[in-house]
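Below: one structure, written as C-alpha cells.
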Amino acid sequence: MDRRGVPAAVICTDQFVESARAQAAICGNPHYPFAVVTHPIGSLTPAELRARAAAALPQVLAILTGSR
C-alpha cells in the first residue's frame, strides 16, 4: 500500500513482534514501523477489543502521519 502512495499501518500483537520484524526485513524494509498491542486479541469481548484499539491509536496515527 505504501509503495502505491496509500498510507497504511500494520498492527500486530506483542507475541508476533519478532515475526513482523523478520517479515519487514525479508521485504526489504527492516525499519518498517508497526503498532503493537497486547496479546491475545482473539478471546476479547468487543469492549476489550475497542480498548486495545484505542490504546493503539496513537501508534497508528504516528505511523500514518510519519511522526514515527
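Each number in the working numbering comes from the position in the sequence shown (counting from 1) with 9 added on. Glycine residues also receive a C-beta, built at the ideal position from the N, C-alpha and C atoms.
What did DSSP end up calling residue i once you bin it into helix, strand or coil?
i, result
"T22", "strand"
"A65", "helix"
"A44", "strand"
"L58", "helix"
"L53", "coil"
"S28", "helix"
"A33", "helix"
List the whole-angstrom C-beta distance separating residue i from residue j, where the pair is believed to meet the contact cut-off of C-beta under 8 Å.
i, j, result
"I50", "R61", "6 Å"
Please classify residue i as buried or exposed, where buried requires at least 16 other C-beta atoms within 10 Å of its C-beta.
i, result
"A44", "buried"
Using alpha carbons as the reference points, say which of the options lies closest to residue i.
i, options, result
"V46", "R13, S28, C21", "C21"
"A18", "F25, Q24, M10", "M10"
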